[in-house]
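Protein chains: 2
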Amino acid sequence: MNTASQTPRQMRRLERREKRTSLPLLQHSAAVPVNPWPPVALLSTDELQALHAASLRILREVGLRFLDAEALQLWQAAGARVDHARSHVWIEEELLQQCLATAPQEFVWRARNPQRNIRVGGNAIAFGPSGGMVYVTDLERGRRVGDSADYENLLRLTHMLPMLHFGNWEQVTAQDEPVSTRHLRRLYSGFTLSDKAMLEGAQGRIITADAVEMARIAFGGTLPAEPVIGDVINVNSPLTYDDRMLGGLITYARAGQVCIITPFILAGAMSPISIAAALAQQNAEALAGIALTQLVRPGAPVVYGGFTTNTDMRSGSPAFGTPEGAWALLAGAQLARHYRLPYRGSGSLTSSKLADAQGATETMWNLWPCVLGHANLVMHAAGWLEGGLTVSFEKLMIDAEQLAMFAHFMRGFPIDDSSLALESIAAVGPGGHHFGTAHTQARFDSEFFATALADRTGYDSWQAGGARDTAQRAHGMWRQLLAQYSEPPMDPALREELRAYVARRSIELRDAQLFT
Amino acid sequence: MNTASQTPRQMRRLERREKRTSLPLLQHSAAVPVNPWPPVALLSTDELQALHAASLRILREVGLRFLDAEALQLWQAAGARVDHARSHVWIEEELLQQCLATAPQEFVWRARNPQRNIRVGGNAIAFGPSGGMVYVTDLERGRRVGDSADYENLLRLTHMLPMLHFGNWEQVTAQDEPVSTRHLRRLYSGFTLSDKAMLEGAQGRIITADAVEMARIAFGGTLPAEPVIGDVINVNSPLTYDDRMLGGLITYARAGQVCIITPFILAGAMSPISIAAALAQQNAEALAGIALTQLVRPGAPVVYGGFTTNTDMRSGSPAFGTPEGAWALLAGAQLARHYRLPYRGSGSLTSSKLADAQGATETMWNLWPCVLGHANLVMHAAGWLEGGLTVSFEKLMIDAEQLAMFAHFMRGFPIDDSSLALESIAAVGPGGHHFGTAHTQARFDSEFFATALADRTGYDSWQAGGARDTAQRAHGMWRQLLAQYSEPPMDPALREELRAYVARRSIELRDAQLFT
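So the protein lines, in turn, are chains A and B.
Quick note: the first sequence uses the working numbering, first residue 423, plus one each step.
Quick note: the second sequence uses the working numbering, first residue 423, plus one each step.
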């Protein structure tokens, strides 16, 4: 269209339409935010020491089970007391401290696109999408078992959303793919549809070995010195590391890839009911797994993860977004800092079945503590519903805007002569207004966080626009976003090599037992 | 019903019904929570000083307008430079500091029921309901102009909800009452339907004088030494105190009642667009009003209020629950602490038209900073919608539960031998579970925050229960609550005296101009 032939009115209309389609959610910074303020500390030094001392006693006196022969051998070789028949290991403080000494305080997680590398540690707070869901839901199609198309669409959205800093992850299981080849397809899509830092389930040795191999291909044939892939190692609390997780831990750590050691504790079920006990146990479990990564490969990148919340004692269900969970998040961050380790928290956890008020408040009970406590990796930061069974396209949008708000919040605001604008205050004086001043006009478009989702119109306009709630507004947004997706560039030779790897391994793994 | 004749199964059913009707929302503590952790500080000492210095320059060089003759005389008598023709006052630092020196660092706001007295200051964080709404909404009747029945129902709910610590307030205007007598009816209902600490609009001298007189009656004929009533004094920003607010300020301060001095600043409209300038101006405005209360009566209880947020520059509407608002809340708290003054924040501010995800997230962008920054009085802590035009019965319930969660959060968790439960951890060992242990069973009912609103059931149960969202669940809750309301006791003679006062003044004020 030739702008010269348009009236000013037509041009304004066009500009407005342009603005509408430029998707404000994509305008936010993609930089990993850094929290400039000291982390909020719940625990006194004495309390921190009490938790530390209690976890040392658990490691030494109670011990843990490691259901994997190689893990038991590693512990024995390092001098721990091991009961092979019972797969039981007791860990003394000295050995623990030796192991912790080699764990890096922070590291860089490389992405295929170097601009999307993320720093893990310090005061950097990186957000990633949800993972591990069985169901997917959106307002049009409703709740259903996830398939490849859903998995790939969630990947595309994660790739596009600038406030998600990492994480091509198995957001939803592609149930239409055979189990034996699912991870291969998942990795292929992950590496080709997005160029952000990659996660792949630490489920045994086969999947993780394939993940490392495909990462090697995606990175041009040689793994970089920094890690490029990894995932969560969940402890089977209380005090048990199962064979799948240990196979994943050993494979990733040996390859210098990321292990995010995360006890999964619902206080009252997997630990004693009191949060102090849950934290002491969490700490013992996390430190044991972290130590093991260092026995596998000193210096292997590792993250201290916390996923401790309470049980709903009436129903036996997990309770997410609770005061107890917030305590655990903040205290867990303090513990990780005490050991000079990066910390992993979780963002959008909720039991709600809808992207409604419960979904939002429970999410905020996680996100605020993550930001305040300096959780370096905030996993599941957007899209969770239903205790992690379902990922919601609409909640992904709603949470993503919250993440962008937190990133903006962490930038803080300058206090200097220019921002204090005393001449402007004097010039307007009492009783005037500041809409039209040069100071305000110069910053009109850029000063404030620009919301894509909040409706600030008057009641009548809102009614006239269909009286839509937040989730309904978010629905249009993700569809619009997906429509604008374009694949990030990749060397065709690498892509072909990935494809060939998948083809070859798909045949090899046809009848394999994967989770060993 | 004779329990002896019941089967165990019937008894369990009865107990369950009993539990359902005992309204979990009423089980929470009514104590004003105290934040045990240091307040979150955004500003460095230098930044705080820069804001302080900028506001001193505004007071000295730009000055403020005080649109009330008595206020101008007070300033002049105290030695300030006053331009009576322009109602303009310039304030030097020395005078300001003299005034601030007599303002109390904290005080007790007395309620008719002494158990409901609230401490204002220190690390105590008291929550109150919304005020000043024109419309009221609930899921059954929809949005409508408020009337006396709505006003009284909101009063009853405020009275019952233990997490609302103060505030019989004009939550919604009773449009069915004539303007001239509305405040009299409002005060009468406030004093009789609830025994919590009372607020009454600081609108000129007549309303506030009636408020003080009726408080005197309600408190048995003599005002206690501590304040028993008061309200917000909004600054007509930029830099203007209007006649209504000054009449209220002078009347309340003279009677030793509470003035909550609150500049109402939307950055970009009532102040320069930058948050630093908005805060410098807020600080100048707040300090000027606080100083005036001390000129009226040295030692008068006064609160430093902040209500600074940004304008939505596209629509010109206020933007609530934003990162900018959170900065202002936290920095405002630091400024108030710097002057050793109690601080007032706001809780449930939102632009949303519904108790949906937007309503919830925006509310949490206020509540977290209020709690973290130690806002001593959190006004509008529950029920806001639509930028303060509408109060929602359902959102009142949703927000109230959040307040209870914050109160629980602030209690923290003990770390001691009992809570660390090392014997329990050892006894269960790796791989077991803690549901049935003596440690867990002894704390089964009391350890965790008990939610009334969050749905943690599985998807199928939730579907079978009607697939209700949070607001729908909240609807049943406030209706159930109201049905259980009973009026707090009051000496019939005092009640009669209040009634007679209202009757007499209703005649006297029939044709009065109230807002002077």
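We put the beta carbon where it would ideally sit given N, CA and C, even for glycine.
Residues that residue i contacts on chain A, provided the C-beta gap is smaller than 9 angstroms
| i | result |
| --- | --- |
| Leu717 (chain B) | Residues of chain A passing the Cβ test: none, with the nearest at roughly 19 angstroms. |
| Tyr881 (chain B) | Tyr557, Arg565, Lys775, Glu808, Leu811 and Thr812 |
| Ile639 (chain B) | Correct list: empty, because the minimum Cβ distance to chain A is about 39 angstroms. |
| His861 (chain B) | Pro694, Ile695, Ser696 and Ala699 |
| Phe866 (chain B) | Gly690, Ile695 and Met735 |
Chain A residues whose Cβ lies nearer than 7 angstroms to that of residue i
| i | result |
| --- | --- |
| Asp505 (chain B) | The contacting residues do not exist; Asp505 (chain B) stays about 11 angstroms from chain A at best. |
Assigned secondary structure, residue i (DSSP; H/G/I helix, E/B strand, else coil)
| i | result |
| --- | --- |
| Ser841 (chain B) | helix |
| Asp468 (chain A) | helix |
| His510 (chain B) | strand |
| Asp821 (chain B) | helix |
| Ala426 (chain A) | Here the model assigns Ala426 (chain A) a pLDDT of 40, short of 50, so the residue's position is not dependable, and the following value carries that caveat. Note: Ala426 (chain A) maps to helix in three-state DSSP. |
| Gly853 (chain B) | coil |
| Asp665 (chain A) | helix |
| Arg534 (chain A) | coil |
| Ile672 (chain A) | helix |
| Glu440 (chain B) | Only weak support is given to the placement of Glu440 (chain B): the predicted model assigns it a pLDDT of 47, under 50, and the value that follows is read from those uncertain coordinates. In this structure, Glu440 (chain B) counts as helix in the three-state DSSP scheme. |
| Ser846 (chain B) | helix |
| Leu920 (chain B) | helix |
| Met555 (chain B) | strand |
| Val484 (chain B) | helix |
| Met801 (chain B) | strand |
| Ser814 (chain A) | strand |
| Ala925 (chain A) | helix |
| Ala889 (chain A) | coil |
Within chain A, partners of residue i - CB distance below 8 angstroms
| i | result |
| --- | --- |
| Thr662 (chain B) | Pro852 and Gly853 |
| His830 (chain B) | Pro745 |
| Asn692 (chain B) | Note that residue 692 (chain B) corresponds to Met in the displayed sequence, not to Asn. Ordered by position in chain A, the residues that pass the 8 angstroms Cβ test against Met692 (chain B) are His855 and His856. |
| Phe835 (chain B) | Ser696, Ile697, Ala698, Glu746 and Trp749 |
| Glu515 (chain B) | Within chain A, no residue comes near Glu515 (chain B); the closest Cβ sits about 16 angstroms away, beyond 8 angstroms. |
Option nearest residue i by Cα separation, candidates the options
| i | options | result |
| --- | --- | --- |
| Arg736 (chain B) | A:Ala876, A:Pro600 and A:Ala525 | A:Ala876 |
| Ser659 (chain A) | A:Val800, A:Arg487, A:Leu473 and A:Leu445 | A:Arg487 |
| Leu794 (chain B) | B:Ser451, B:Gln625 and B:Val456 | B:Val456 |
| Met782 (chain B) | B:Tyr765, B:Pro764 and B:Ala803 | Note that residue 782 (chain B) is Ala in the sequence shown, not Met. Measuring from the Cα of Ala782 (chain B), the nearest candidate turns out to be B:Ala803. |
| Thr812 (chain B) | B:Ala452, B:Arg565 and B:Pro460 | B:Arg565 |
| Ala698 (chain B) | B:Arg926, B:Ala548, B:Leu473 and B:Leu445 | B:Leu473 |
| Ser509 (chain B) | A:Gly834, A:Pro649, A:Pro852 and A:Ala499 | A:Pro852 |
| Gln520 (chain B) | B:Leu789, B:Gln906, B:Leu717 and B:Glu909 | B:Leu717 |
| Gln935 (chain A) | A:Thr859, A:Ser602 and A:Pro791 | A:Ser602 |
| Thr862 (chain A) | B:Phe588, B:Ser693 and B:Ser570 | B:Ser693 |
| Gly858 (chain B) | A:Val724, A:Asp933, A:Asp882 and A:Ala689 | A:Ala689 |
Assumed close pair residue i, residue j - CB separation to whole angstroms, cut-off 8 angstroms
| i | j | result |
| --- | --- | --- |
| Ser774 (chain B) | Ser552 (chain B) | Contact flag wrong, Cβ pair sits at about 14 angstroms. |
| Val924 (chain B) | Leu576 (chain B) | About 20 angstroms separates the two Cβ atoms, so there is no contact after all. |
| Gly652 (chain A) | Gln625 (chain A) | Incorrect: roughly 13 angstroms between the Cβ atoms, too far for contact. |
| Trp497 (chain B) | Val484 (chain B) | No, Trp497 (chain B) and Val484 (chain B) are not in contact; Cβ-Cβ is about 15 angstroms, not under 8 angstroms. |
| Met819 (chain A) | Pro458 (chain A) | Met819 (chain A) to Pro458 (chain A), Cβ: 27 angstroms. No contact. |
| Gly721 (chain A) | Ile683 (chain A) | Their Cβ separation, rounded to whole angstroms, is 15 angstroms, which puts Gly721 (chain A) and Ile683 (chain A) out of contact at 8 angstroms. |
| Asn798 (chain B) | Val542 (chain B) | 5 angstroms |
| Leu470 (chain A) | Pro584 (chain A) | Not a contact, Cβ separation roughly 36 angstroms. |
| Ala525 (chain B) | Leu763 (chain B) | 6 angstroms |
| Pro740 (chain A) | Gly809 (chain A) | 6 angstroms |
| Gln780 (chain A) | Thr892 (chain B) | 4 angstroms |
Residues that residue i contacts on chain B, provided the C-beta gap is smaller than 7 angstroms
| i | result |
| --- | --- |
| Ser552 (chain A) | Neighbours of Ser552 (chain A) on chain B: none; closest Cβ ~16 angstroms, over 7 angstroms. |
| Asn378 (chain A) | The first residue shown for chain A is 423 and the last is 938, placing residue 378 (chain A) beyond what the model contains. |
| Val484 (chain A) | Ile847, Ala848 and Gly851 |
Chain B residues whose Cβ lies nearer than 8 angstroms to that of residue i
| i | result |
| --- | --- |
| Gln703 (chain A) | Ile847 |
| Val454 (chain A) | None at all; the shortest Cβ gap to chain B is about 17 angstroms. |
| Asp877 (chain A) | Ser773, Ser774, Lys775 and Gln780 |
| Met827 (chain A) | Thr744, Pro745 and Trp787 |
| request: Entirely within the segment 568–650 of chain B and at least 4 residues each: give me those alpha helix (DSSP H) ranges in chain order. | output: Listed in chain order, the complete alpha helix (DSSP H) runs (minimum 4 residues) inside the segment 568–650 of chain B are 570–582, 601–615 and 626–640.
| message | What ranges does the alpha helix (DSSP H) occupy inside the segment 748–795 of chain A, keeping only unbroken runs of at least 4 residues that lie completely in it? | response | Counting whole runs of 4 or more residues, the segment 748–795 of chain A contains the alpha helix (DSSP H) stretches 779–795.
| Uninterrupted alpha helix (DSSP H) stretches inside the segment 686–748 of chain B (no shorter than 4 residues) | Runs found: 697–718.
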